[in-house]
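Residue numbers (UniProt numbering), protein chains in the order written: chain A, 1 to 576; chain B, 1 to 576. Note sheet for the following structure.
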């Protein structure tokens with residue numbers, strides 16, 4: 001029987017509750033956003049006692065469904081001031097699901113000046129004072145927890161930036177290889193730090209299997225679903241071979257690779273940082289081009305990237321990170337970029353917010369353009385140690401822009417715009433503008449249809465059709481984010497008609513309910529509207545759904561395009 | 001014939017325009033807010049090329065009317081993101097008025113990486129590259145300009161924080177004694193810095209008198225008006241004797257003196273920093289308890305405060321500054337507070353934002369509570385030099401709170417709450433919440449009626465009548481801010497029936513128009529609504545009209561009161 005666990009940090013008590021009927025078939029983002037909207041006062045301070053952290057595995061997490069091992073985390077974001085769902089790979093979603101934990105809701109604020117550690121077992125949750133690992137970064141915390149509890153333990157932790165409540169701080173999640181995945185965006189690590197929880201350990205010994213009501217139906221769906229993933233060229237070939245970093249050359253070719261803090265759409269040294277180059281480096285150093293972020297992943301877009309001596313340097317090395325330090329900051333050395341990636345994992349900073357911020361740091365003149373060693377030093381010694389400059393940087397691109405009085409700061413709702421220039425890929429610009437999450441490419445990845453010609457083609461340079469495209473993608477993504485599925489299943493989902501029926505068949509079989517692609521999409525609509533309503537109640541107006549002003553008056557080469565949507569055109573997004 | 005001067009910093013051109021008919025009888029805040037609302041795109045970046053600076057002397061500035069020498073400055077505030085009117089004493093309002101400059105509107109952004117200096121004479125405005133004083137603080141700039149142009153020159157300048165576009169940076173205005181008054185609040189210095197104007201000099205040689213259409217009527221009004229100011233106990237006796245700092249003991253007695261960053265309503269060492277103590281120190285060191293911020297001031301609430309050796313230390317030494325470093329930061333040494341005040345004048349930081357920020361700096365643990373020497377060092381060496389920590393502090397209390405992830409940060413619309421705790425003086429809380437300017441006691445000084453029993457009495461601890469009180473005061477203040485009058489004329493205005501008719505008689509006589517107290521107040525209503533509408537268009541929602549959450553759950557001793565207005569009660573403010 002699934003349960004809800006509530007941990008109250010004010011009185012240090014744990015309560016286990018039965019799952020309310022209306023939450024039984026929910027999971028992932030649908031569940032976290034439902035709880036956030038129902039329980040968090042929209043105008044509360046995100047770092048105050050009235051905010052909560054809501055962890056929920058996806059509907060299919062813990063089942064044999066391929067790529068279903070992602071955990072959703074909901075809260076009011078200290079970065080955006082709005083609702084947040086941030087999902088991560090790692091081991092905890094599958095552990096929670098098998099342990100029957102439908103959601104873990106962390107509430108309140110400790111009254112004493114102490115740090116705590118939550119330990120979750122089949123017996124329940126204990127809240128223990130934590131002293132050993134306070135002030136440590138994530139890799140050391142994981143190592144200490146494995147030493148304390150054995151290497152099968154699941155770990156979710158924060159580094160120093162999270163302890164210091166920096167708004168780019170993420171929550172790090174141990175993956176199957178003892179490395180790190182992240183609830184990256186929106187400053188979830190700062191909320192955990194405000195609640196003075198250094199880490200959460202998950203011991204799933206004694207947990208059974210996730211119950212599936214209609215096993216045959218499930219297996220049939222799961223097979224069709226897995227086959228589609230493997231059949232599609234992006235998930236079956238492109239991502240496993242080059243990782244997401246295949247996109248450097250694709251976006252450069254499209255003129256939408258934001259370069260030198262969104263001044264240009266192409267980077268003359270794109271070859272230095274491309275997926276193809278990265279693949280060759282990985283292979284030549286005996287790394288692994290393929291790697292999964294959770295058990296059961298059949299896409300394997302991750303990798304193990306070794307240094308020149310063949311020692312492990314980083315993994316989960318994404319296009320957005322490489323773009324951000326590469327084209328955006330003009331750092332053309334892949335190893336320096338990989339070192340920054342590893343540091344961001346270790347100290348616990350969102351690697352998108354972190355890299356976009358670094359470009360704004362260069363814009364401010366704190367270090368020169370292209371200074372990879374400077375970036376490494378700033379991350380490790382300033383952000384990682386929490387100096388004054390570290391606090392400016394660790395609070396994200398908007399923070400640096402505000403601190404230094406800059407106007408060229410690519411954020412929406414104070415969250416950094418990643419890797420795809422909205423002037424040249426207009427569909428993703430609509431997603432940046434309208435997503436309740438703040439600028440987030442994963443919220444409605446219009447790049448697929450604008451550039452990759454997945455799900456058809458909508459001209460990236462034209463306004464026509466972009467609002468509808470982004471709307472459909474955001475609705476579908478909201479639904480998919482509720483399943484525990486990796487968002488990349490959307491690629492086959494857009495092109496192969498069997499994917500969504502297979503997915504909803506698995507959900508129906510899991511819970512013994514009737515669900516079809518139509519009702520699944522309806523759920524996505526409802527949740528997206530609920531998130532938007534939370535933001536409005538938190539004080540956002542339509543003006544929050546806008547890109548920074550400079551995109552409107554500063555044309556982007558080579559297409560020399562500006563962001564030219566009217567406010568009314570953008571606001572039409574919400575007409576559904 | 002009055003004129004509008006437009007300075008375009010993009011193409012470095014100056015245009016002189018005739019005054020549009022609908023602006024002829026406007027002045028001060030009514031004119032600046034009208035221009036801001038008409039010409040600045042509400043969603044523009046405040047530090048970008050589409051923001052403007054609008055200087056306008058009051059309707060009566062330059063005339064013989066007592067206390068009419070204040071200049072209004074309008075813009076979109078980089079601190080609040082909303083409309084701003086910030087008015088200052090000094091010499092420039094009267095100079096502008098006599099030179100026939102109805103408004104100076106500065107637009108655009110220079111394209112080159114250079115600093116500029118505007119020089120205003122009867123012949124017009126010249127835009128010159130400035131090299132000598134770049135990187136200097138305000139006292140040195142004033143001295144340099146007096147050397148360059150003679151000691152009668154009017155000066156408006158920014159220090160290093162303004163050059164570096166810090167959002168607490170003010171614009172400093174030379175006063176008749178070569179000291180400094182300020183367009184303090186809202187970060188106007190950052191806007192001037194963004195436009196790369198280091199200083200504006202005003203040479204009014206050759207200017208005549210301000211024309212008055214009905215001289216006899218004017219004189220009669222002016223006499224009645226001046227008599228009322230001198231007759232009222234606050235403006236005739238309290239302020240000239242003790243300055244605004246008379247309020248330390250008054251607010252302490254009322255339990256509304258925010259202490260240790262708004263933890264308590266009383267300060268046990270209030271005697272060390274009181275107006276009475278200050279008066280004795282000034283007299284014992286051969287300073288001057290009375291002093292005016294502009295020619296024609298008959299209240300003389302300012303003073304000359306000397307150091308222990310009898311040398312000039314500071315002037316314009318206000319209650320809010322002394323409260324902020326005293327009770328709020330627990331610095332109980334008047335000389336250390338005076339030194340901070342002088343530094344804030346010199347480097348050009350709003351002395352309200354600066355002191356509230358210092359308490360948040362202590363809250364963050366950057367320096368200990370009560371560390372006056374530390375505060376001096378931070379202001380001079382960090383903010384004044386623009387270090388990373390200086391940028392955090394120089395961007396105000398909200399910036400420090402965001403940087404260090406704090407919840408006890410007393411700001412509304414990101415502007416600091418001054419010197420009167422809204423839980424114990426509820427009328428001023430409504431002003432803080434609703435003023436389009438952000439938290440600003442001068443926008444509707446309900447302390448007068450809540451605590452000083454001026455204009456009747458409304459119980460400060462009860463919600464009853466506070467919204468109406470604040471509304472009436474904000475409307476009247478908006479009107480008074482348009483006249484060039486010092487806001488302290490409101491004290492006699494609240495108690496003596498002859499004041500407002502005398503004021504409107506002077507305005508009517510000045511322009512040859514019919515205006516009475518009723519139509520004057522109607523104008524105040526219109527302008528206040530216009531400002532509110534600008535903010536809504538800029539993206540503010542009702543949720544912007546709220547106090548920080550901690551006031552709602554943290555009771556203030558000794559009365560143990562919380563902020564208990566419902567959102568609906570606050571929003572009723574705008575029903576007029």
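Don't be surprised by glycine CBs; every beta carbon is placed ideally from N, CA and C.
- Note on residue 148 of chain B: under 16 other CB atoms within 10 angstroms of its CB, so exposed under the neighbour-count rule.
- In terms of Cβ geometry, residue 156 of chain B and residue 92 of chain B form a close pair [threshold 7 Å].
- The beta carbon of residue 299 of chain A is closer than 7 Å to those of 67, 229, 235, 239, 240, 486, 488 in its chain, skipping five residues each way along the sequence.
- Contact between residue 265 of chain A and residue 424 of chain A holds, with the beta-carbon distance rounding to 5 Å and staying under 8 Å.
- Cβ neighbours of residue 375 of chain B within its own chain (closer than 6 Å, five residues either side excluded): 340, 358.
- Remark: fewer than three beta-carbon pairs, one from each stretch, lie closer than 8 Å, so the segment 387-406 of chain A and the segment 211-231 of chain A are not flagged as touching.
- Chain order gives the chain B residues near residue 395 of chain A as 402, 403, where near means a beta carbon separation below 7 Å.
- DSSP places residue 125 of chain B in the uninterrupted beta strand (DSSP E) bounded by 124-129.
- Among the residues facing chain A, residue 284 of chain B is not included, as its CB has no counterpart in that chain under 7 Å away.
- Within the DSSP bridge table, the entry for residue 173 of chain A names A/156, A/181 as partners.
- For residue 57 of chain A, the uninterrupted beta strand (DSSP E) segment begins and ends at 53-57.
- Within the same chain, and ignoring the five residues on either side of residue 254 of chain A in sequence, the residues whose Cβ sits closer than 6 Å to its Cβ are 451.
- Within chain B, the C-beta atoms nearer than 9 Å to that of residue 44 of chain A come from 549, in chain order.
- DSSP places residue 3 of chain B in the uninterrupted beta strand (DSSP E) bounded by 3-8.
- With respect to chain A, the C-beta atom of residue 47 of chain B has a partner C-beta closer than 7 Å.
- Excluding sequence positions up to five before and after residue 193 of chain B, its CB lies within less than 6 Å of the CB of 158, 162, 163, 165, all in the same chain and listed in chain order.
- Within the same chain, Cβ atoms closer than 6 Å to the Cβ of residue 355 of chain A are found at 321, 324, 325, the five residues on either side in sequence being excluded.
- Ranked by how close their Cα comes to the Cα of residue 247 of chain A, the residues A/418, A/40, A/483, A/51 have A/418 in first place.
- Between residue 169 of chain B and chain A, the shortest Cβ-Cβ separation is not below 7 Å.
- At least one C-beta of chain A is nearer than 7 Å to the C-beta of residue 389 of chain B.
- At a Cβ-Cβ threshold of 7 Å, residue 58 of chain B and residue 455 of chain B do not count as neighbours.
- Where residue 71 of chain A is concerned, there is no enclosing alpha helix (DSSP H), although the beta strand (DSSP E) around it starts and stops at 71-76.
- Taking CB atoms only, residue 376 of chain A has no neighbour in chain B less than 7 Å away.
- Interface with chain A (7 Å Cβ-Cβ cutoff): residue 392 of chain B is included.
- Annotation: residue 279 of chain B is outside any beta strand (DSSP E); the continuous alpha helix (DSSP H) that includes it extends over 275-284.
- Taken atom to atom, the span from the alpha-carbon of residue 317 of chain A to that of residue 477 of chain B is near 58 Å.
- When beta bridges are read from the DSSP output, residue 83 of chain B appears opposite B/76.
- Per the DSSP secondary-structure output, residue 103 of chain A pairs in a beta bridge with A/4.
- A distance below 7 Å between beta-carbons, with the five flanking residues on each side excluded, links residue 65 of chain A to the following residues of its chain, in chain order: 222, 225, 506.
- Note that the segment 327-342 of chain A touches the segment 305-317 of chain A; at least 3 beta-carbon pairs, one per stretch, sit closer than 8 Å.
- In this structure residue 449 of chain B is in contact with residue 469 of chain B, their Cβ atoms being roughly 6 Å apart against a cut-off of 8 Å.
- Annotation: residue 28 of chain A to residue 172 of chain A spans about 17 Å, alpha carbon to alpha carbon.
- If you look at residue 304 of chain A, you'll find it in the beta strand (DSSP E) that goes 302-306.
- The DSSP-derived three-state label of residue 342 of chain A is helix.
- For residue 408 of chain A, no CB of chain B lies under 7 Å from its own CB, so it is not counted at the interface with that chain.
- Against chain B, a Cβ distance below 9 Å from residue 165 of chain A picks out 404, 405, 406.
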